[in-house]
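Going by full-length UniProt numbering, the sequence shown opens with residue 1, and the numbers climb by one from there.
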Amino acid sequence: MPSLGRTLLALVAVTTGIGGYIADWNTTHVYNPRWPPHAKFHNGQTMSTGLLLGVSAIYYLVRATPSPALELQSLYFATWLLCLNWIAQLSASLYPGSLPMDPEFGDGFPQLYICTGLLSVVGLGYALERRRMA
1 MPSLGRTLLA
11 LVAVTTGIGG
21 YIADWNTTHV
31 YNPRWPPHAK
41 FHNGQTMSTG
51 LLLGVSAIYY
61 LVRATPSPAL
71 ELQSLYFATW
81 LLCLNWIAQL
91 SASLYPGSLP
101 MDPEFGDGFP
111 QLYICTGLLS
121 VVGLGYALER
131 RRMA
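Have a look at this one:
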């Protein structure tokens, strides 16, 4: 049975993998007729990147490791992979002309809560798993 720490990390990995599709496969993004094709291209790139990061993190969380050192290295790498997508999403608001939401759909920065919440779960999962491994 997986530990609580690994379970939390795996839940974030699944969220990372499918979250972009849940949030963006609709009229606000993929099917938004006002979005230029190049913006849709980059949205697709972002969704695919999240999927690849999530699947890769799961691989490193569940793969068999022959030594405690390699198990720890896999944990480090899975944790890093899970942080990348959410850090990148937070940083996107810093680019010139970007907004966290299209004005026609509202305002605010809902990603701030999603990203910081998931990064907190990653931190908790990592800490619990490190304690279990020690």
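Where is the CB? At the ideal position from N, CA and C, for every residue including glycine.
Can you tell which of the options has its C-alpha closest to the C-alpha of residue i?
i: Q111; options: P2, R6 and T16; result: T16
i: S120; options: K40, L72, I87 and I22; result: I87
i: H29; options: F105, I114, Y113 and M133; result: F105
i: F77; options: D102, S98 and V55; result: V55
Is it the case that the Cβ atoms of residue i and residue j are separated by a distance below 8 Å?
i: L9; j: V122; result: yes
i: Y126; j: T79; result: yes
i: F109; j: P100; result: yes
i: L82; j: A13; result: yes
i: Y90; j: L53; result: Strictly speaking, residue 90 in this sequence is Leu, with Tyr absent from that position. Not closer than 8 Å, so no.
i: L61; j: R131; result: no
i: L70; j: E129; result: no
Can you tell me where the alpha helix (DSSP H) with residue i in it begins and where it stops?
i: H42; result: P37 to V62
i: A23; result: L4 to D24
i: T116; result: P110 to M133
What separation, rounded to the nearest whole angstrom, lies between the Cα atoms of residue i and residue j?
i: G20; j: W35; result: 17 Å
i: Q73; j: C115; result: 24 Å
i: P37; j: N43; result: 10 Å
i: A57; j: M47; result: 15 Å
i: K40; j: L11; result: 27 Å
i: A92; j: Q45; result: 14 Å
i: P103; j: A64; result: 47 Å
If residue i and residue j are in contact, beta carbons under 8 Å, what's the gap, nearest whole angstrom?
i: P68; j: M133; result: 7 Å
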